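Undergrad: Sharing a structure with you now.
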Ligand code: SF4
Ligand code: SF4
């Protein structure tokens, strides 16, 4: 017999819900079987924390006196997007502060960009606004400067077009020189292999066919509350899959939104990626309602069963050849080294597993204490594999 | 008699030359190798404790520098700002020693400054810039 989200919420309100993390559910399903686990467990919490470049924040600055239709603006010298209404702006996570040397001195350090600005705002720090305009009859002001904090602006929402990638490549370097990529520093001749997923804790790997995660799903976002707004850009579900249904290539993504004012710099951290650019590390946790056996079985997936593809970032990735060098499991990646054609290659993550675990635990506590209820998705996200199964 | 701890950075083309052995032969210096490794850029990194007469030490270091080897005192200190470290693990790809390593059960990245040779490779690689140089 299945459960509904409404029934699970009743149990959460009564303080009776059984909530476990995506790590804990592995042992439960192993010990009791999926059928009993589906009856006993109500919610499985997941987590991930890693650089997510496709992130940013909408802010309404409130009006200056006299009023101004902002044409160009900078916050802490980071240019912000102004091509919307008079005082609405968007901070892009990878935008660099003016006069940053970028990669002129290679590899560039990218010390301060949009991600750092968002972190500073969330940390309550004062940032400096500079705005210019051409003046109109209704908005005569042409220049505006002021210091502000997050508390001073009218609205501030984190709105990220693509986050929480369902699986990702493992990056290596086959060339004979060091390369600097968004996947970190890659030493020559297979010197290291970098990966970026929380594996068995990762939200979308635990609901591989998007049976529960949809538009309107309430989530842990940046330390506060957010929602799944839509599927993310580049969302792709036509990919090879393993036994749990989990994709073995980069696949689904989500677009997320939430009030920046409730978030924390611990889970929204500005990153400087050497030789590449600035970014924002985002913490996301998604609760998976255990509706039935299928759901809990998929959520019990373990690192040993989750596979990622190894890609050469010196040639194949930049040239888009589509060539893969092999496949490895997350269990191998997390052991500290992988074996590629007989060569032992040390691994390094970019996604923090310890912080992913912290997020899953935190979300579990929120739900167990009745402070976080599950929401009913308005519509599920597109997924060809699920739609074929149902249809 | 003087005793100094120094970090030597060997450029790529000098890695296989017998530069250090000359210190013993021509400058009467004694050394202990505290750490030796090849960095990702194929540069050599050697941390030595050198003892000898002050005069010999100065001349020995002048000789080494003339071969393109940089000499830094090991007084500079790399520290981790634990508040900023997100335990992402990006530094594991570059640290030439065991100073930065992962605890595989907690998946936290541990920093052991006893093992650190102050090569600074982690400093710019760390995305939240948690590794700091203190002088
Ligand atoms: S790269 Fe920096 S933040 Fe990441 S684990 Fe190393 S010290 Fe910590
Ligand atoms: S400076 Fe950084 S990379 Fe170099 S040994 Fe110390 S911890 Fe490792």
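Protein chains in written order, with our numbering: chain V, 1 to 391; chain B, 1001 to 1135. Heads up, the beta-carbon is just placed ideally off N, CA and C, and yes, glycines get one too. Keep in mind it's a predicted model, so treat the numbers as computed, not measured.
Mind checking residue 102 of chain V: buried by the 16 CB within 10 Å criterion, or exposed?
TA: Reading the first chain from its first residue, position 102 is the one you call residue 102 of chain V. Looking at its Cβ environment, which holds fewer than 16 other Cβ atoms inside 10 Å, residue 102 of chain V is exposed.
Undergrad: Tell me whether residue 1061 of chain B sits in a helix, a strand or coil according to DSSP, three-state version.
TA: As a working mapping, residue 1061 of chain B is identified with position 61 in the second chain. Residue state, collapsed to three classes: helix.
Undergrad: Does ligand 2 have a heavy atom nearer than 7 Å to the CB of residue 17 of chain V?
TA: Here the question's residue 17 of chain V lines up with position 17 in the first chain. Not so, every heavy atom of ligand 2 lies at least 7 Å from the Cβ.
Undergrad: Okay, do the segment 102-118 of chain V and the segment 260-270 of chain V touch, 3+ Cβ pairs below 8 Å being the bar?
TA: The segment 102-118 of chain V vs the segment 260-270 of chain V: in contact.
Undergrad: Report the three-state DSSP secondary structure of residue 450 of chain V (helix, strand or coil).
TA: Since the first residue of chain V shown is 1 and the last is 391, residue 450 of chain V is not available in this structure.
Undergrad: Report the neighbours of residue 269 of chain V on chain B: residues whose CB is nearer than 7 Å to its CB, in chain order.
TA: Locating residue 269 of chain V in the first chain gives position 269, counting from the first residue. What residue 269 of chain V touches in chain B: 1086, 1128.
Undergrad: Quick check on the DSSP output: the beta strand (DSSP E) that includes residue 289 of chain V runs from which residue to which?
TA: By one-based count along the first chain, residue 289 of chain V stands at place 289. Note, residue 289 of chain V: beta strand (DSSP E), 287-289.
Undergrad: Would you call the CB atoms of residue 1124 of chain B and residue 209 of chain V closer than 8 Å?
TA: On the second chain, residue 1124 of chain B is found 124 positions in, with the first residue counted as 1. On the first chain, residue 209 of chain V is found 209 positions in, with the first residue counted as 1. Not a contact, by the Cβ cut-off of 8 Å.
Undergrad: So, helix, strand or coil for residue 1044 of chain B, using DSSP?
TA: For the purposes of this step, residue 1044 of chain B is taken as the residue at position 44 of the second chain. If DSSP states are grouped into helix, strand and coil, residue 1044 of chain B belongs with the strands.
Undergrad: Since I believe residue 217 of chain V is in contact with residue 286 of chain V (beta carbons under 8 Å), could you give me their beta-carbon distance rounded to a whole number of angstroms?
TA: As a working note, residue 286 of chain V is residue 286 in the first chain. As a working note, residue 217 of chain V is residue 217 in the first chain. So it is a contact: roughly 7 Å between Cβ atoms.
Undergrad: Beta-carbon of residue 1104 of chain B versus every beta-carbon of chain V: anything under 8 Å?
TA: Counting from one through the second chain, the residue named residue 1104 of chain B turns up at place 104. So yes, residue 1104 of chain B belongs to the interface.
Undergrad: Using a Cβ-based criterion (distance less than 7 Å to any ligand heavy atom), does residue 1078 of chain B qualify as near ligand 2?
TA: Counted from its first residue, the second chain places residue 1078 of chain B at position 78. It does: the Cβ of residue 1078 of chain B is within 7 Å (strictly closer) of some heavy atom of ligand 2.
Undergrad: Between residue 1073 of chain B and residue 1007 of chain B, what straight-line distance do the alpha-carbon atoms span, to the nearest angstrom?
TA: Within the second chain, numbered from 1, the residue matching residue 1073 of chain B stands at position 73. Within the second chain, numbered from 1, the residue matching residue 1007 of chain B stands at position 7. Near 6 Å, if we compare the C-alpha coordinates of residue 1007 of chain B and residue 1073 of chain B.
Undergrad: Let me know the secondary structure DSSP gives residue 1134 of chain B once reduced to three states.
TA: Locating residue 1134 of chain B in the second chain gives position 134, counting from the first residue. Residue 1134 of chain B falls in the strand class under three-state DSSP.
Undergrad: Can you list, in chain order, the residues of its chain with a C-beta nearer than 7 Å to that of residue 292 of chain V? Leave out the 5 residues immediately preceding and following it.
TA: Along the first chain, one-based indexing puts residue 292 of chain V at 292. Only 2, 38 meet the Cβ criterion.
Undergrad: Could you check if residue 183 of chain V is buried or exposed, using at least 16 other CB atoms within 10 Å of its CB as the buried criterion?
TA: Here residue 183 of chain V is taken as the residue at index 183 of the first chain, counted from 1. Burial call: buried.
Undergrad: Given a cut-off of 8 Å, decide if residue 129 of chain V and residue 109 of chain V are closer than it, judged by their beta-carbon atoms.
TA: In the first chain, counting from the first residue as 1, residue 109 of chain V sits at position 109. In the first chain, counting from the first residue as 1, residue 129 of chain V sits at position 129. Contact flag unset, no.
Undergrad: Going along the chain, which unbroken runs of the alpha helix (DSSP H) with 4 or more residues stay wholly within the segment 1084-1127 of chain B?
TA: As far as the segment 1084-1127 of chain B is concerned, its whole alpha helix (DSSP H) runs of at least 4 residues are 1121-1125.
Undergrad: Would you call residue 364 of chain V buried or exposed, if buried means 16 or more other Cβ atoms sit within 10 Å of its Cβ?
TA: If you number the first chain from 1, residue 364 of chain V lands on position 364. Counting Cβ neighbours within 10 Å, residue 364 of chain V comes out buried, since at least 16 surround it.
Undergrad: Is residue 198 of chain V close to ligand 1? I mean its beta-carbon at under 7 Å from any heavy atom of the ligand.
TA: Mapped onto the first chain, residue 198 of chain V falls at position 198. No, Cβ of residue 198 of chain V sits at least 7 Å from all heavy atoms of ligand 1.
Undergrad: Residue 1108 of chain B touches chain V at which residues, Cβ-Cβ below 7 Å?
TA: Numbered from its first residue, the second chain carries residue 1108 of chain B at position 108. Going along chain V in sequence order, the residues near residue 1108 of chain B (Cβ under 7 Å) are 354.
Undergrad: Give a yes or no on whether the C-beta atoms belonging to residue 166 of chain V and residue 281 of chain V are separated by under 8 Å.
TA: Position 166 of the first chain, counted from the first residue, corresponds to residue 166 of chain V. Position 281 of the first chain, counted from the first residue, corresponds to residue 281 of chain V. In this structure, residue 281 of chain V does not lie closer than 8 Å to residue 166 of chain V by Cβ.
Undergrad: Applying the criterion that 16 or more other CB atoms from any shown protein chain within 10 Å of the CB defines a buried residue, is residue 949 of chain B buried or exposed?
TA: This structure leaves residue 949 of chain B out entirely; chain B is present only between 1001 and 1135.
Undergrad: Return the Cβ separation of residue 385 of chain V and residue 306 of chain V in integer angstroms, given the expectation that the two are a contact with Cβ distance under 8 Å.
TA: As a working note, residue 385 of chain V is residue 385 in the first chain. As a working note, residue 306 of chain V is residue 306 in the first chain. Going by Cβ atoms, the distance from residue 385 of chain V to residue 306 of chain V rounds to 16 Å, so no, they are not a contact pair.
Undergrad: Give the interface partners of residue 117 of chain V over in chain B, defined as CB-CB distance under 7 Å, in chain order.
TA: On the first chain, residue 117 of chain V is found 117 positions in, with the first residue counted as 1. In chain order: nothing, as chain B lies at least about 14 Å away.
Undergrad: Cβ atoms of residue 91 of chain V and residue 64 of chain V: under 8 Å apart, would you say?
TA: For the purposes of this step, residue 64 of chain V is taken as residue 64 along the first chain, with counting starting at 1. For the purposes of this step, residue 91 of chain V is taken as residue 91 along the first chain, with counting starting at 1. Against a cut-off of 8 Å, the Cβ pair of residue 91 of chain V and residue 64 of chain V comes out as no contact.
Undergrad: Could you say which of V/21, V/7, V/211 lies nearest to residue 357 of chain V if we only look at CA atoms?
TA: Walking along the first chain from the start, residue 357 of chain V turns up at place 357. Nearest C-alpha to residue 357 of chain V: V/21.
Undergrad: Spatial neighbours of residue 349 of chain V within its chain, please: CB distance less than 8 Å, with the 5 preceding and 5 following residues excluded, ordered by chain position.
TA: Translated into positions along the first chain, residue 349 of chain V becomes position 349. Closer than 8 Å at Cβ, skipping near neighbours: 194, 195, 196, 333, 334.
Undergrad: Between the Cα of residue 1020 of chain B and those of B/1119, B/1092, B/1111, B/1045, spot the shortest distance and give me the residue it belongs to.
TA: The residue you call residue 1020 of chain B lines up with position 20 of the second chain. Considering only alpha carbons, the answer is B/1045.
Undergrad: With respect to 7 Å, is the separation between the Cβ of residue 46 of chain V and the closest non-hydrogen atom of ligand 1 below this value?
TA: One-based indexing of the first chain puts residue 46 of chain V at position 46. Not under cutoff, so the answer is no.
Undergrad: Cα separation between residue 262 of chain V and residue 372 of chain V?
TA: For the purposes of this step, residue 262 of chain V is identified with residue 262 of the first chain, where counting begins at 1. For the purposes of this step, residue 372 of chain V is identified with residue 372 of the first chain, where counting begins at 1. Computed Cα separation, rounded: 14 Å.
Undergrad: When you measure from the CB of residue 1100 of chain B to every non-hydrogen atom of ligand 1, does any distance come out below 7 Å?
TA: Start at 1 with the first residue of the second chain, and residue 1100 of chain B comes out as number 100. It does: the Cβ of residue 1100 of chain B is within 7 Å (strictly closer) of some heavy atom of ligand 1.
Undergrad: Taking DSSP's pairing of strands, which residues face residue 170 of chain V in a bridge?
TA: In the first chain, counting from the first residue as 1, residue 170 of chain V sits at position 170. In the DSSP output, where bridge partners are listed per residue, residue 170 of chain V has V/310.
Undergrad: Express the C-alpha separation of residue 1016 of chain B and residue 1067 of chain B in angstroms, rounding to a whole number.
TA: Translated into the one-based positions of the second chain, residue 1067 of chain B becomes position 67. Translated into the one-based positions of the second chain, residue 1016 of chain B becomes position 16. Near 12 Å, if we compare the C-alpha coordinates of residue 1016 of chain B and residue 1067 of chain B.
Undergrad: The segment 1092-1103 of chain B: which residues have C-beta closer than 8 Å to a C-beta of chain V, in chain order?
TA: Under the 8 Å Cβ criterion, the segment 1092-1103 of chain B contributes 1092, 1093, 1094, 1102.
Undergrad: Nearest to residue 221 of chain V by CA position, among V/190, V/179, V/157, V/186, is which residue?
TA: Along the first chain, read from residue 1 onward, the residue named residue 221 of chain V stands at position 221. The candidate whose alpha carbon is nearest that of residue 221 of chain V is V/157.
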